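Novice: Can you read through this structure? Questions will come right after.
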Amino acid sequence: MYNIQHKEVLSETNKLMVIEAPQIARKAKAGQFVIVRIDENGERIPLTIADFSQEEGTVTIIFQEVGKSTMKLGALEAGDGVADLVGPLGNPTEIENYGTVLCVGGGVGIAPVYPIARALKEAGNTVLGIIGARTRELLFWEEKMRSVCDELTVCTDDGTYGRMALVTQPIQEILTERSDVSRVWAIGPAIMMKFCARTTEPFDVPTIVSLNSIMVDGTGMCGACRVSIGGETKFVCVDGPEFDGHLVDWDLLLARQRIYLTAEQKAKEAWVEEHTCRATGG
Amino acid sequence: MSIPRQPMPEQEASERRANFFEVAQGLTPEMAKQEAERCLQCKNAPCVAGCPVEVPIPEFILALRGGDVQEAARVLKSKNNLPAICGRVCPQESQCESVCTLGKRHEPVAIGRLERYVADWELGQGSIPPEKPEPTGKRVAVIGAGPAGLTCAADLAKMGHGVEVFESLHAPGGVLIYGIPEFRLPKEIVRAEVDYVRKLGVEIHLNAVVGKLYTIDELLEEHEFDAAFLGTGAGLPIFMRIPGVNLIGVYSANEFLTRVNLMKGYLFPDYDTPVLVGEKVAVIGAGNVAMDSARCALRIGTLQALERGEEPPEVHIVYRRSRQEVPAREEEVHHAEQEGIVFDFLTNPVEILGDDKGQVVGMRCIRMELGEPDASGRRRPIPIEGSEFDMHVHTVIMALGTRPNPIVFADSGGLERTQWGTVRANEATGQTTKHRVWAGGDIVTGAATVISAMGAGKQAAADIDRFLKADGGGKADGGGKADGGGKAE
Chain Z
28 MYNIQHKEVL SETNKLMVIE APQIARKAKA GQFVIVRIDE NGERIPLTIA
78 DFSQEEGTVT IIFQEVGKST MKLGALEAGD GVADLVGPLG NPTEIENYGT
128 VLCVGGGVGI APVYPIARAL KEAGNTVLGI IGARTRELLF WEEKMRSVCD
178 ELTVCTDDGT YGRMALVTQP IQEILTERSD VSRVWAIGPA IMMKFCARTT
228 EPFDVPTIVS LNSIMVDGTG MCGACRVSIG GETKFVCVDG PEFDGHLVDW
278 DLLLARQRIY LTAEQKAKEA WVEEHTCRAT GG
Chain E
821 MSIPRQPMPE QEASERRANF FEVAQGLTPE MAKQEAERCL QCKNAPCVAG
871 CPVEVPIPEF ILALRGGDVQ EAARVLKSKN NLPAICGRVC PQESQCESVC
921 TLGKRHEPVA IGRLERYVAD WELGQGSIPP EKPEPTGKRV AVIGAGPAGL
971 TCAADLAKMG HGVEVFESLH APGGVLIYGI PEFRLPKEIV RAEVDYVRKL
1021 GVEIHLNAVV GKLYTIDELL EEHEFDAAFL GTGAGLPIFM RIPGVNLIGV
1071 YSANEFLTRV NLMKGYLFPD YDTPVLVGEK VAVIGAGNVA MDSARCALRI
1121 GTLQALERGE EPPEVHIVYR RSRQEVPARE EEVHHAEQEG IVFDFLTNPV
1171 EILGDDKGQV VGMRCIRMEL GEPDASGRRR PIPIEGSEFD MHVHTVIMAL
1221 GTRPNPIVFA DSGGLERTQW GTVRANEATG QTTKHRVWAG GDIVTGAATV
1271 ISAMGAGKQA AADIDRFLKA DGGGKADGGG KADGGGKAE
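In order, the protein sequence lines correspond to chains Z and E. Taken in order, the first sequence gives residues 28 to 309; the numbers are from our numbering. Taken in order, the second sequence gives residues 821 to 1309; the numbers are from our numbering.
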């Protein structure tokens, strides 16, 4: 059992949890992920590490409740625990002093982009940041991002906070205005990463994305997470999770993310029904 | 010989297609007694030499014949730490039973069935671990809680060493828990056998991915283990290099079996991990893993179809060679056939076909014929030009073998590997090219059997013990690796 030390409700659907895992915290690096299994019946959920502290011996995860498993996870409170926590998995971000870099986080993707921006800042880069979400409610960690970025643009799709824009608009502007950006990180929903990569391509700036494919073991055993990178099959868990965004076959990734949509919908409805009954029937 | 070989009571094929309960139900006490009577008690005991862990077979059968099942269990466990598992999944027909003297004129003694009978009887009583030996003060890290690791750990613990096992998954057992299905090896049995290993004093760390959470060097230096054993198996799936392998509905056997067995996908949505089985399934390959995949697919598909009031699925094994070359155990092939699995021999996929949503809708295959024997001694399959045809399928499971997972090798300088990614190790001792590191099982041999992995774990344990008990053995020893050499003894 891994104890949940702290929980924050970032929005109705976005939750943050700080979990005690001293050994994982000791080895974790920006860009890596963990696998969480809530209980005996649970599935293995891959989540990118949002933060970690060697001193506290903790790992922070942020997730959006989209299906039964993330809803179950979101229903846990500080003091509860998860049955299993595995990590740190995947390859860490290649942190160097690149000069000027641009870090873009969309939706829950703001979480994994933060430790990367922090590590890049610590390595001496000038870090430009963009964070965006559909609406104000879904934005978080603006201050944390600001603390590691030299400039930060905040936007929402509906204009309820910051600029009314998709993250691709400020990316386009920044790359047009300045020629010193030598690398871009874009993390968020697959569709957002696809358009970020498409935006940076004409500028010929290397663009790193962190892929969130379906996984089971997360150690290269099953191949559920396979993606096509420049025409070659790769496993996100061991070859990634970061890849050159210009080489990713996005349509394949998007299709493979939807494999279990029908089954997941069924499980979610059953869970919601059961828990609504309990809440009203108690 | 007047007593016939006792047949294994089995669940009817028509029934078991729709459940995950064990197919083979075990001998009754009367049957076991009868079968034990058949043993000739040969002085030279060829069966013992036929067993990779050298179980004193005539001795345990004699105890059983005399009605002392407890003693039979003690004899069995003196060499085999996991007999309830071996009694179920060992290929006895090509090991102990193949050299049984009785088998020359009649059918061999059903050694595997007797082993299972005795082991199950003991589990039913609650197994008693042997007395704890005097601690040696030495510590060994065993990496991987599969058949090789568990065996090595159990033997080392019996020798008095402190043993900690590091397992990457959330449950111990390796292939016994993620690969072999419930209907061949109930997970309750695996748990009970692992409990026995724990009772010996072995500590098992779960969710501990060596190579990520710790490296081999960190275990030896920072964590001060005196020796390490690598038994991480061959966990990396092989996909065919044909168009369409990434379509929705194409699984590696590893993923499919892990979803079904480890994650209990057949109990979805009570368990949270889904698994998809279409109306028509093709499993590529004809080893034991292919049989397991096909039979799991059949069961899940049948259960799902019953729920929807539809026809059960059609499950095919697609194999490029002929029936004679099938690598799976005869018993597995027989069970699969009984259950209605269709075998398409001399057939090889050349492309998997998808629709506009990326979902598998078919598989283009080519007919094969057999040519001259290849390096493996089996006749080489050759495609027959112009014989392509399309199969209508929705799910494709690739059971083409596996390779060692390289994760464990992160920062493990000095550990030599072969071109196939397996670890170079002394065949007799398991010693690797890295000081204080041994290896055994699929990580050395490539995909093989549970019992050969156990045999390797056992040999390595004996050699590690010699090394640790030798003067200067252990971490203080900076000398060469020869002190642990089995051949010098």
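Think of the CB as a built atom: it goes at the ideal place given N, C-alpha and C, for glycine as much as any other residue. These figures come from a predicted structure and were not determined experimentally.
Just to confirm my understanding: we take VAL1243(E), look at its own chain, exclude 5 residues before and 5 after, and list those with CB closer than 8 Å. What are they?
Specialist: Counting from one through the second sequence, the residue named residue 1243(E) turns up at place 423. Hits under 8 Å: LEU1050, PRO1224, LEU1235, GLU1236, ARG1237, THR1252, ALA1259, ILE1263 and VAL1264.
Novice: Suppose you measure from the CA of LYS221(Z) to the CA of VAL275(Z); what does that come to, to the nearest Å?
Specialist: Sequence index remark: in the first sequence, residue 221(Z) carries index 194 (1-based). Sequence index remark: in the first sequence, residue 275(Z) carries index 248 (1-based). Their backbone Cα atoms lie some 8 Å apart in a straight line.
Novice: In the DSSP output, what is ILE76(Z) paired with across the bridge?
Specialist: As a working note, residue 76(Z) is residue 49 in the first sequence. ILE76(Z) is not bridged to any residue.
Novice: Taking the alpha-carbon of GLY69(Z) as reference, which of MET851(E), GLY846(E) and MET1083(E) has the nearest alpha-carbon?
Specialist: Here residue 69(Z) refers to the residue found at position 42 when the first sequence is read from its first residue. Comparing Cα positions, the closest option is MET1083(E).
Novice: List the endpoints of the continuous beta strand (DSSP E) containing LYS1019(E).
Specialist: By 1-based counting over the second sequence, the position of residue 1019(E) is 199. Secondary structure note for LYS1019(E): it is in no beta strand (DSSP E), and the uninterrupted alpha helix (DSSP H) holding it is 1007-1019.
Novice: Is the beta carbon of ALA974(E) closer than 8 Å to that of VAL1017(E)?
Specialist: Taking the first residue of the second sequence as 1, we reach residue 1017(E) at position 197. Taking the first residue of the second sequence as 1, we reach residue 974(E) at position 154. Against a cut-off of 8 Å, the Cβ pair of ALA974(E) and VAL1017(E) comes out as a contact.
Novice: On the criterion of 16 or more Cβ atoms from any shown chain inside 10 Å, does ASP1176(E) qualify as buried, or is it exposed?
Specialist: In the second sequence, the residue the question calls residue 1176(E) occupies position 356. It is exposed - the Cβ of ASP1176(E) has fewer than 16 other Cβ atoms within 10 Å.
Novice: Provide the residue span of the alpha helix (DSSP H) that contains ARG1141(E), from first to last.
Specialist: Residue 1141(E) sits at position 321 when you count from the first residue of the second sequence. Per DSSP, ARG1141(E) belongs to no alpha helix (DSSP H) and is neither H nor E.
Novice: Determine the DSSP secondary structure at ASN1168(E), reduced to helix, strand or coil.
Specialist: One-based indexing of the second sequence puts residue 1168(E) at position 348. It is a strand residue.
Novice: Please check if any C-beta of chain Z sits within less than 8 Å of the C-beta of THR1078(E).
Specialist: Numbered from its first residue, the second sequence carries residue 1078(E) at position 258. It does; some Cβ of chain Z falls within 8 Å.
Novice: Hey, is TYR1091(E)'s beta-carbon within less than 8 Å of any beta-carbon in chain Z?
Specialist: Position 271 of the second sequence, counting from 1, holds the residue named residue 1091(E). Chain Z contact via Cβ: present.
Novice: Taking Cβ positions only, does GLU291(Z) come closer than 8 Å to chain E?
Specialist: Start at 1 with the first residue of the first sequence, and residue 291(Z) comes out as number 264. Chain E, which has a Cβ nearer than 8 Å to the Cβ of GLU291(Z), makes this yes.
Novice: Please compile the residues from chain E whose C-beta is within a distance smaller than 9 Å of the C-beta of GLY114(Z).
Specialist: Within the first sequence, residue 114(Z) is the residue found at index 87, counting from 1. Here the neighbours are ASN1027, VAL1029, LYS1032 and LEU1033.
Novice: Cβ atoms of ALA965(E) and GLU987(E): under 8 Å apart, would you say?
Specialist: Within the second sequence, numbered from 1, the residue matching residue 987(E) stands at position 167. Within the second sequence, numbered from 1, the residue matching residue 965(E) stands at position 145. It is a contact, given that the beta carbons lie within the stated cut-off.
Novice: Less than 8 Å between the C-beta atoms of PRO967(E) and LEU996(E), yes or no?
Specialist: For the purposes of this step, residue 967(E) is identified with residue 147 of the second sequence, where counting begins at 1. For the purposes of this step, residue 996(E) is identified with residue 176 of the second sequence, where counting begins at 1. Contact flag set, yes.
Novice: Quick one, are the C-beta atoms of VAL889(E) and PRO876(E) less than 8 Å apart?
Specialist: Translated into the one-based positions of the second sequence, residue 889(E) becomes position 69. Translated into the one-based positions of the second sequence, residue 876(E) becomes position 56. Taking 8 Å as the Cβ cut-off, VAL889(E) and PRO876(E) do not qualify as a contacting pair.
Novice: So what's CYS972(E) in DSSP terms, helix, strand or just coil?
Specialist: Residue mapping note: residue 972(E) aligns to position 152 of the second sequence, counting from 1. Helix at CYS972(E).
Novice: For the beta strand (DSSP E) that ALA961(E) lies in, which residues bound it at each end?
Specialist: By one-based count along the second sequence, residue 961(E) stands at place 141. Counting along the chain, the beta strand (DSSP E) containing ALA961(E) begins and ends at 959-963.
Novice: What are the boundary residues of the beta strand (DSSP E) that ASP1210(E) is part of?
Specialist: Position 390 of the second sequence, counting from 1, holds the residue named residue 1210(E). 1209-1211 is the extent of the beta strand (DSSP E) around ASP1210(E).
Novice: Could you list the residues in the stretch 69-101 of chain Z with a C-beta less than 7 Å from some C-beta on chain E, going in chain order?
Specialist: GLY69, GLU70, LYS95 and SER96
Novice: Based on the DSSP secondary-structure assignment, which residues constitute the bridge partners of TYR1034(E)?
Specialist: Position 214 of the second sequence, counted from the start, is the residue given in the question as residue 1034(E). BP columns for TYR1034(E) point to VAL1030(E).
Novice: So, is the C-beta of LYS1177(E) closer than 8 Å to a C-beta in chain Z?
Specialist: Residue mapping note: residue 1177(E) aligns to position 357 of the second sequence, counting from 1. Yes, LYS1177(E) lies at the interface with chain Z (some Cβ there is under 8 Å from its Cβ).
Novice: Which first and last residues belong to the beta strand (DSSP E) in which ILE157(Z) is found?
Specialist: Here the question's residue 157(Z) lines up with position 130 in the first sequence. That run of the beta strand (DSSP E) goes 153-160.
Novice: What's the gap between the Cα of GLU170(Z) and the Cα of ILE137(Z)?
Specialist: Locating residue 170(Z) in the first sequence gives position 143, where the first residue counts as 1. Locating residue 137(Z) in the first sequence gives position 110, where the first residue counts as 1. Taking the straight line joining both Cα atoms gives about 12 Å.
Novice: When burial is assigned at 16 or more other CB atoms within 10 Å of the CB, is THR87(Z) buried or exposed?
Specialist: Translated into the one-based positions of the first sequence, residue 87(Z) becomes position 60. Of the residues assessed, THR87(Z) falls on the buried side of the cut-off, its CB having 16 or more other CB atoms within 10 angstroms.
Novice: If you follow the beta strand (DSSP E) that GLY1206(E) is part of, which residue opens it and which one closes it?
Specialist: Taking the first residue of the second sequence as 1, we reach residue 1206(E) at position 386. Here GLY1206(E) belongs to no beta strand (DSSP E), and DSSP marks it neither H nor E.
Novice: Please give me, in chain order, every unbroken run of the alpha helix (DSSP H) with length at least 4 that falls completely inside the stretch 40-77 of chain Z.
Specialist: 49-54
Novice: Look at the alpha carbon of ALA1114(E) and the alpha carbon of LYS34(Z), and state the distance between them as a whole number of angstroms.
Specialist: The sequence position of residue 1114(E) within the second sequence is 294, counting from 1. The sequence position of residue 34(Z) within the first sequence is 7, counting from 1. Roughly 44 Å separates the two Cα atoms.
Novice: Please state whether the Cβ-Cβ distance between ALA224(Z) and VAL131(Z) is less than 8 Å.
Specialist: Taking the first sequence and counting its residues from 1, one reaches residue 224(Z) at position 197. Taking the first sequence and counting its residues from 1, one reaches residue 131(Z) at position 104. Result no, Cβ atoms of ALA224(Z) and VAL131(Z) do not sit closer than 8 Å.
Novice: Beta carbon of PHE60(Z), beta carbon of PRO49(Z): below 8 Å?
Specialist: Within the first sequence, residue 60(Z) is the residue found at index 33, counting from 1. Within the first sequence, residue 49(Z) is the residue found at index 22, counting from 1. No, these two residues do not count as a Cβ contact at 8 Å.
Novice: Please name the residue or residues paired with HIS1025(E) in a DSSP beta bridge.
Specialist: Within the second sequence, the letter at position 205 stands for residue 1025(E). In DSSP, HIS1025(E) forms a bridge with PHE986(E).
Novice: Please confirm whether LEU989(E) has its beta-carbon closer than 8 Å to some beta-carbon of chain Z.
Specialist: Here residue 989(E) is taken as the residue at index 169 of the second sequence, counted from 1. It does: the Cβ of LEU989(E) has a partner Cβ on chain Z nearer than 8 Å.
Novice: Return yes when the Cβ of LEU155(Z) is within less than 8 Å of the Cβ of ILE122(Z), no when it is not.
Specialist: Walking along the first sequence from the start, residue 122(Z) turns up at place 95. Walking along the first sequence from the start, residue 155(Z) turns up at place 128. Not a contact, by the Cβ cut-off of 8 Å.
Novice: My assumption, with CB atoms under 8 Å, is that MET1271(E) sits in contact with VAL873(E). Please give the rounded CB distance.
Specialist: Position 451 of the second sequence, counted from the start, is the residue given in the question as residue 1271(E). Position 53 of the second sequence, counted from the start, is the residue given in the question as residue 873(E). For clarity, residue 1271(E) is Ile in the given sequence; the question names Met instead. ILE1271(E) to VAL873(E), Cβ: 7 Å. Contact.
Novice: What residues match up with VAL211(Z) in a beta bridge as DSSP calls it?
Specialist: The residue given as residue 211(Z) occupies position 184 in the first sequence. For VAL211(Z), which the question treats as bridged, DSSP gives the partners LEU129(Z) and THR234(Z).
Novice: By Cβ distance below 6 Å, which residues in the same chain neighbour PRO829(E) in space, the five residues on each side in sequence not counted?
Specialist: As a first step, residue 829(E) is located in the second sequence; it is residue number 9 there, counting from the start. Taken in chain order, the residues that qualify are GLN845.
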